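Here is the structure we will look at.
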Amino acid sequence: MGESNIISSEFYDRQVIEVARDLLGKRLVRVLYGVRVSGIISETEAYDGMQDLACHARVGKTKRNAVMFGNAGRAYVYFTYGMHWCLNIVTGPKDYPAAVLIRAIQPQEGLEIIEMSRGMIARKNWTNGPAKLTQALQINQLQNGLDITRPDGNLWIESSLVINENDVKTGPRIGIANTPKPWRSMPWRFWFEATQQAGLEQKL
DNA sequence: TTTACGATCTAT
DNA sequence: TAGATCGTAAAT
1 MGESNIISSE FYDRQVIEVA RDLLGKRLVR VLYGVRVSGI ISETEAYDGM
51 QDLACHARVG KTKRNAVMFG NAGRAYVYFT YGMHWCLNIV TGPKDYPAAV
101 LIRAIQPQEG LEIIEMSRGM IARKNWTNGP AKLTQALQIN QLQNGLDITR
151 PDGNLWIESS LVINENDVKT GPRIGIANTP KPWRSMPWRF WFEATQQAGL
201 EQKL
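Letter by letter, the first sequence follows residues 1 to 204 of the working numbering.
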């Protein structure tokens with residue numbers, strides 16, 4: 001099922017900032033009902049260790065954030081705002097809590113399943129937010145701690161587009177207004193405009 | 001046990 | 001711009 005180019009743990013076992021940038025253009029793949037459901041990662045954010053006061057790990061290791069303290073290449077899926085699930089990929093060495101939040105994807109495969117998962121919502125709003133894409137790909141607490149460097153969990157990331165440095169935008173992370181400086185303004189959000197990417201716009 | 005607050009989304 | 005909605009971690 002096209003699993004030959006699954007990204008391996010070496011990719012994730014690096015500085016979280018680098019991984020967050022390099023995940024742009026990669027393909028997030030979910031297998032549901034035996035069908036590939038996928039999208040190109042178009043927006044990410046890096047959360048970097050206990051000193052980063054926007055990171056869940058700032059309070060130390062807890063039951064909730066324990067996965068972040070584990071090996072790179074695992075899914076850290078957390079529940080927030082009483083109703084939403086968000087997907088992160090753990091990076092860096094064991095016992096260093098860092099992860100990349102996947103904030104948006106551009107749908108590519110399994111559009112019927114995405115439409116079914118998202119209900120009667122405008123197509124452009126299917127997966128343009130961290131809790132929207134988990135809804136679209138049916139990701140929840142069952143995927144927390146999952147090894148995404150293997151195909152058997154039905155969730156992984158494949159190499160795909162290469163995004164030019166000129167097309168990468170950066171800025172402060174979203175939704176952390178109460179986080180102290182300098183962490184509130186660190187430019188650790190990465191994204192690219194999908195329509196600028198040749199080959200991708202035709203598929204959108 | 002109680003409280004305050006979210007790494008958000010949606011309708012208004 | 002505000003309401004939904006509840007797990008989590010710290011305070012009581």
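Here a beta-carbon is modelled for each residue, glycine too, at the ideal position from N, C-alpha and C. Only a predicted model underlies this, so the values are computations on that prediction, with no experimental measurement involved.
Straight-line Cα distance separating N65 from A54: Those two C-alpha atoms are separated by around 13 Å.
Neighbourhood of L189 by C-beta, 6 Å cutoff - its chain only, sequence neighbours within 5 removed: Sequence inspection shows Arg at residue 189; the Leu mentioned does not correspond to that position. Taking C-beta separations shorter than 6 Å and ignoring five residues to either side along the sequence, the partners of R189 in its chain run E45, G171 and R173, following chain order.
Reducing DSSP to helix, strand and coil, say where I163 ends up. The answer is coil: DSSP assigns I163 none of H, G, I, E or B.
Return helix, strand or coil for S185, following the three-state DSSP convention. The answer is helix: DSSP assigns S185 an H, G or I state.
Contact check, H56 vs M68 under 8 Å by CB: the rounded distance? With a beta-carbon spacing of about 7 Å, H56 and M68 fall inside the 8 Å limit used to define contacts.
What runs of the alpha helix (DSSP H), each 4 residues or longer, lie entirely inside the region 69–124? Fully enclosed alpha helix (DSSP H) runs of no fewer than 4 residues occupy 111–118 of the region 69–124, in order along the chain.
Where I6 and K63 are concerned, what is the direct C-alpha to C-alpha distance, given to the nearest angstrom? Near 29 Å, if we compare the C-alpha coordinates of K63 and I6.
Start and end of the beta strand (DSSP E) containing A54? No beta strand (DSSP E) contains A54, which DSSP labels as neither H nor E.
Cutoff 6 Å; reference N71; Cβ partners in own chain excluding five residues on either side: Taken in chain order, the residues that qualify are K94.
Alpha carbon to alpha carbon, what distance is there between G129 and R103? Between R103 and G129, the alpha-carbon positions lie close to 5 Å from each other.
To which residues of the same chain is T179 closer than 7 Å at the C-beta, ignoring the five residues directly before and after it? Excluding positions up to five away in sequence, the list reads L53 and A54.
CB of N125 within 8 Å of CB of K132, strictly: In this structure, K132 lies closer than 8 Å to N125 by Cβ.
For the alpha helix (DSSP H) that contains V19, what are its first and last residues? In the DSSP annotation of this structure, the continuous segment of the alpha helix (DSSP H) that includes V19 starts and ends at V16 to D22.
May I have the straight-line CA-CA distance separating W156 from P107, to the nearest angstrom? As the crow flies, the alpha-carbon of W156 is around 15 Å from that of P107.
Closest by C-alpha distance to T91, when choosing among N154, L161, K181 and S9: Selection N154, L161, K181 and S9 evaluated against T91 yields S9 as nearest (Cα-Cα).
Within a Cβ cutoff of 8 Å, which residues of the same chain sit near Q143, ignoring the five residues on either side of it in sequence? Scanning its chain for C-beta atoms nearer than 8 Å, with the 5 sequence neighbours on each side dropped, one finds around Q143 the residues A75, V77, L87, G153 and L155, in chain order.
State the Cα-Cα distance for the pair L161 and I40, rounded to the nearest angstrom. Separation of L161 and I40 (C-alpha to C-alpha, rounded to the nearest whole angstrom) is 8 Å.
Inter-residue spacing [alpha-carbon to alpha-carbon] between Y96 and W191: Straight-line Cα distance between these residues: approximately 25 Å.
Are the CB atoms of G73 and Y12 within a distance shorter than 8 Å? Against a cut-off of 8 Å, the Cβ pair of G73 and Y12 comes out as a contact.
Coarse secondary structure for Y33, derived from DSSP in three states: For Y33, the secondary structure class from DSSP, reduced to helix, strand or coil, is coil.
Closest to T134 by CA distance: which of M186, F79 and P187 is it? The residue with the shortest Cα to Cα distance from T134 is F79.
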